[in-house]
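In my numbering, the protein residues as written are 9 to 267. Worksheet for the structure shown next.
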């Protein structure tokens with residue numbers, strides 16, 4: 009895997025909210041001319057959802073899964089001042105600073121397990137990735153996958169790493185498997201889990217994990233009242249992911265049994 013180089017761009021135009029998600033992301037235009045889906049730091053789960061989105065997305069990319077480009081997006085306070093909708097106005101006001109954007113895939117459609125096609129190897133990689141990052145939100149109710157140009161694209165990893173919502177107990181999660189994989193939308197099609205595990209062992213290692221975690225913006229880790237300092241949180245994400253990699257065979261068995 010190459011060095012991770014995340015671009016930082018500025019929001020120049022707020023185009024429209026996407027009201028399907030609870031966190032009210034929006035389509036925006038950046039100063040590089042491209043459109044992005046902007047995930048706001050001021051939304052419900054705050055910067056923790058952005059961290060989950062970022063780590064999960066870059067791990068998916070390391071596994072050669074299709075992921076829209078992720079960028080850091082600067083939002084200034086001018087947008088809140090001109091927004092008439094009070095709910096969006098508050099969201100923009102609380103999101104001034106660095107947010108996360110995903111390149112907007114125009115005309116992409118939501119993955120439908122009854123209609124959309126996906127090969128067994130790709131399905132298996134997504135299932136095991138979600139086991140590794142404890143992603144509780146890739147179900148038939150909310151697939152968080154897109155079909156674009158006849159390919160499956162992985163989006164919305166914001167519900168992963170739920171241990172970070174209570175840092176005082178995060179170490180309890182180091183030895184746990186992920187029973188909720190039984191609800192995964194791609195589990196039925198994931199018939200190549202052992203092959204996918206070999207790919208994960210080949211493509212993801214400690215240095216890649218360190219590289220991804222090192223790119224998390226410092227101020228996303230600075231929340232009042234947290235028991236851990238930012239560098240301790242980085243170490244926790246690294247420790248957690250390395251622990252899950254070592255448990256990969258158990259996660260494969262768990263997913264196979266659930267299927």
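For glycine and all other residues, C-beta sits at the position ideal for the given N, C-alpha and C.
Per DSSP, reduced to three states, the secondary structure at residue 51 is coil, with no helix or strand assignment. CA-to-CA, the gap between residue 237 and residue 198 works out to about 39 Å. Residue environment for residue 55: buried (at least 16 other C-beta atoms within 10 angstroms of its C-beta).
By the Cβ criterion, the segment 52-70 is in contact with the segment 162-174, since at least three pairs of Cβ atoms, one from each stretch, lie closer than 8 Å.
Excluding the 5 residues flanking it on each side, residue 241 has same chain C-beta neighbours closer than 8 Å at 172, 175, 229 and 234, in chain order. Taken through DSSP and simplified to helix, strand or coil, residue 225 comes out as coil. Under the Cβ criterion (8 Å, minimum of three pairs), the segment 213-225 does not count as touching the segment 41-51.
Residue 16 is bridged by DSSP to 80. For residue 149, the number of other beta carbons within 10 angstroms of its own is below 16, and it is reported as exposed.
The straight-line gap separating the alpha-carbon atoms of residue 96 and residue 167 is approximately 22 Å. With fewer than three CB-CB distances shorter than 8 Å, the segment 177-190 does not count as touching the segment 106-115. Annotation for residue 158: no beta strand (DSSP E) segment contains it, and DSSP assigns it neither H nor E.
With respect to the 8 Å criterion, residue 12 and residue 189 are not classified as neighbours on the basis of their beta carbons. In the three-state scheme derived from DSSP, where H, G and I count as helix and E and B as strand, residue 193 is classed as coil. Residue 138 is classed as buried because its beta carbon has at least 16 other beta carbons within 10 Å across all chains shown. Burial of residue 146 is indicated by the presence of at least 16 other C-beta atoms within 10 angstroms of its C-beta. Secondary structure at residue 182: coil, using DSSP grouped into helix, strand and coil. Boundaries of the alpha helix (DSSP H) around residue 131: 128-140. By alpha-carbon distance to residue 52, the top candidate from 81, 142, 102 and 136 is 102. By the neighbour-count definition (other C-beta atoms within 10 Å, threshold 16), residue 152 is a buried residue. Residue 99 and residue 105 have their C-alpha atoms roughly 12 Å apart. In the three-state scheme derived from DSSP, where H, G and I count as helix and E and B as strand, residue 119 is classed as coil. Around the beta carbon of residue 16, fewer than 16 other beta carbons lie within 10 angstroms, which makes this residue exposed. Secondary structure at residue 75: coil, using DSSP grouped into helix, strand and coil. Ranked by Cα distance from residue 92, the first of 129, 24, 125 and 75 is 24.
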